[in-house]
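The next block holds one structure in the form of structure tokens; read it before the comments.
Protein chains in written order, with the numbering used here: chain L, 1 to 117; chain G, 118 to 1002.
And the structure:
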């Protein structure tokens, strides 16, 4: 499995696309991420990440309709490809297996407790 | 209403964002701005938008997508070949323009190269000695008054050894002087070989790195003089033979016996670009003289070698503080240490230094040449931009056919570099063949030239390339910048509005020409004034025999001389014009201002001296045989110096008008303390020094047949050759073994002002060139204007305009520019020239008519150039210009 070419921010953006489909484009993703993380996310950064993901084949895109607040410009809508879905799934599997190996007893011995998170 | 982000930010975002991403990305930005605006208000939204724009600065967003219809790279081999092909065709097609360009650029580049050679050569003097940074010449500074000091290249002979004793910084010292000698290779030779002889003591080998080829550098303890000869000199006097151990003799001037010199060493040639230029070095044993703080000391030119890294300012301060304590004279005499590298260019004060130049002349020289190059480049820029309209259609077509701007710029730059390349070729050719005449003009050889030094040649080529690039870039930028749609439709008047710049450049160009022309006139006037100023004595029909030792035969020689037809009067004199201001100098208190000292000069000769010089008597009487005017100084001096001094106090003297005035002497025939003598008459002021010096109070004393003296001879007009022949014959009888030097006083006086004469010739040359180049530039512009306005002229003619009216129409613009240039340049030139003239105590005034003459000349040149082409345009058949469409 090649996890190295999926950065943390890219992974989140990819997840956001999956979550927001069919209305996933830069603005909606950036707004969603801002809402979720509480930090400002610039459109340019999201756009750049989307471009990279599309180049890698995790996303596909098409131009959508124009609206008035966009100054009559069309938006580019993104959807996750099958390959992208597979990569997301793999990433999730790895995480889950690691999470499952952590026993709550061990954690509390170390003074850590994730039960509330 | 839809909220919109600030316009400038929006525009900036558009600039940053690559065109193919603009649609989606800018749309996103606007949408988010609207969202923010609704949520938080305008201010926060604006701030956020600013951050958004900043976040666009990433390569993935900024990178432009390559065009799918690519044109070949502007630097590909095919394109480069094409530039040359098209470029040479364009240049050949417009051959008259090319010719104007070539002439202007060649002249500008040539002048620049020539002057750069002179400047670089001047700056290269004395840079080749291995310890060049540590060698200094001791310069004596005499403080005459608070703000008046006199510098002298010689220093007390005892000073340098004393410095070496006292200061650890001093490594070595040597006395070093230069002079001219005539050597006979064999005693029976008639004429001697002229030799530049340096005289130094043995420690010179520690200071200068002389390369010994044979023999020894040491001084042998023999009676004879020891001589080190340079390789090329040895090859001249003893071709193909070993010169070591040979003996040669000089031709005496003062003594009667020739002196023998033994050649003890052969050294490599001394560098020509050094103020110590010489064929041979006479080596003496170092004889340190004790330094005394009172009484008589001898002076000489002394050089010291300091330890590496000595702070010269600190050292000078220490030496002067010590010297003040040593002499207790409140620091009237101070010393400076002149770095070896400065001696050639900064020695205006050093009398008797044969190899020197003035940094001022170098600056003027360089400045004028740079201006000349500037004018040449301005011509190029002006003509190219003026001609732009002929090229914009071509540029438009090229652009429509997907030619890039880089390609167009490259095309035009290629044309520029072709022109520059040919001009450089012509300039180098001219340079090579004019080196010799320029060397003759300068009076010395040029060592570092562009054709002899590979490094300089490389530098020059690089400079040419840069100049070509700088000059070509602007026109190329202008021409390639037109929008193809406009140029093809024929709208370019608006974008061709760069005429403002062109006009400014023409004004600048003409201002320079006018300043140089004004300078030429004023320098000529100054030179003329110095050459023709009444000196107070009659300088015409006066010849002289240079100073010798007369062996008691002076009086007899003079009597014989009087018999030569043509000789009016003669005098044995211890002074002659151009040889210093007198034979002795005294400092006396200034009666007008307490605490100030005045320098008074004394001139001595036999009783005929004032009459021979032709001085005018104002009051009292002249010297005469009837009175005991003449002192037998030589024999008195030999007997007892004290007695001689007191005799001098009672000696009769003549004084100049200004001496009488400045020293406040009212009464004649009374011994006066300030005069150190008894003034018996007042003569009119005369210039005993060159006109670089203000007139100083002077006394004339009479001596009986002085032994060390020159002979002044007043002759009848037009008998110079005849008298000279007679003198030569007489000389053979009296002094068969001595060297005879006869000079014409007027010629020698004129030689003093060689610097001004050179400067004048130089300005004459440069003013001609600048004027020519400016006229050439304006000519090109007029040709252009006439071509551009051919239709207008045609229509005007058809409608009945007169030829004069049309000529006026075309000429008006240019004449206006030149008038502006005259108005702008005159005050500037006046100021600069006034500053220059302040260097001279006797200076010409700058008359108003100088400006009028210059202005009229500039206008005449302009009108002449312009109307030549304007008349051609005005008399052309209107049908021809109107018919073609």
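Glycine included, C-beta positions come from ideal geometry on N, C-alpha and C.
- When Cβ pairs closer than 8 Å are counted between the two stretches, the segment 535-547 of chain G is seen not to touch the segment 622-634 of chain G, the count staying below three.
- Residue pairing by DSSP places residue 342 (chain G) opposite G:378 in a beta bridge.
- The way I'd put it, the segment 206-219 of chain G does touch the segment 896-907 of chain G; three or more beta-carbon pairs between them come closer than 8 Å.
- Between the alpha carbons of residue 991 (chain G) and residue 920 (chain G) lies a distance of about 5 Å.
- Remark: C-beta atoms of residue 148 (chain G) and residue 69 (chain L) approach each other more closely than 9 Å.
- Beta-bridge pairing by DSSP links residue 268 (chain G) to G:258.
- Residue 823 (chain G) places its beta carbon less than 9 Å from that of residue 722 (chain G).
- Where residue 418 (chain G) is concerned, there is no enclosing alpha helix (DSSP H), because DSSP gives it neither an H nor an E.
- Note that the C-beta distance between residue 191 (chain G) and residue 523 (chain G) is below 9 Å.
- As DSSP reads the structure, residue 632 (chain G) sits in no beta bridge.
- Chain L places no beta carbon closer than 9 Å to that of residue 129 (chain G), leaving this residue out of the contacts.
- As computed with DSSP, residue 701 (chain G) is found in a beta bridge with G:719.
- Rounded to the nearest whole angstrom, the CA to CA distance from residue 165 (chain G) to residue 27 (chain L) is 14 Å.
- Look at residue 39 (chain L): its C-beta is not under 9 Å from any C-beta on chain G.
- By the Cβ-count criterion, residue 855 (chain G) is buried, with 16 or more other Cβ atoms from all chains shown falling within 10 Å of its own Cβ.
- About 7 Å separates the beta carbons of residue 475 (chain G) and residue 872 (chain G), which is inside the 8 Å limit, making them a contact pair.
- DSSP, read as helix, strand or coil, puts residue 660 (chain G) in strand.
- Shown in chain order are the members of the segment 161-185 of chain G whose Cβ falls below 7 Å from a Cβ of chain L: 168, 169, 172, 173, 175, 177 and 178.
- Residue 157 (chain G) counts as exposed, since fewer than 16 other C-beta atoms from the protein chains shown sit within 10 angstroms of its C-beta.
- Contact between the segment 875-888 of chain G and the segment 630-647 of chain G is present: 3 or more CB-CB pairs across the two stretches fall below 8 Å.
- Note: residue 301 (chain G) is bridge-paired with G:366 in the DSSP secondary-structure output.
- Ranked by how close their Cα comes to the Cα of residue 967 (chain G), the residues G:956, G:279 and G:950 have G:950 in first place.
- Judged by DSSP in its simplified three-state form, residue 295 (chain G) adopts strand.
- Taking the Cβ atoms as the reference, residue 702 (chain G) lies roughly 12 Å from residue 692 (chain G), outside the contact range of under 8 Å.
- In terms of Cα proximity to residue 795 (chain G), the closest of G:323, G:666 and G:763 is G:763.
- By the neighbour-count criterion, in which a residue is buried when 16 or more other Cβ atoms sit within 10 angstroms of its Cβ, residue 278 (chain G) is buried.
- Sequence-distant partners of residue 138 (chain G) (beyond 5 residues in either direction) whose C-beta falls short of 8 Å from its own C-beta, in its chain, are 178.
- Between the C-alpha atoms of residue 546 (chain G) and residue 232 (chain G) there is a straight-line separation of about 15 Å.
- Proximity of residue 27 (chain L) to chain G, defined by a Cβ-Cβ separation below 9 Å, is satisfied.
- Listed in chain order, the positions of the segment 37-69 of chain L with a beta carbon within less than 8 Å of a beta carbon of chain G are 40, 42, 43, 44, 45, 47, 48, 51, 52, 63, 66, 67, 68 and 69.
- One thing to note: residue 665 (chain G) has its Cβ no nearer than 9 Å to the Cβ of residue 690 (chain G).
- For residue 574 (chain G) against residue 418 (chain G), the beta-carbon gap comes to about 37 Å, at or over 8 Å, which does not count as contact.
- Under DSSP, residue 456 (chain G) takes part in a beta bridge, and its partners are G:253.
- In this structure, DSSP gives residue 806 (chain G) a state outside helix and strand, which the three-state scheme calls coil.
- Using a Cβ-Cβ cut-off of 8 Å, residue 74 (chain L) is close to 140, 141 and 144 of chain G, given in chain order.
- Short of 6 Å from the beta carbon of residue 67 (chain L), and not among the five residues preceding or following it, lies no beta carbon of its own chain.
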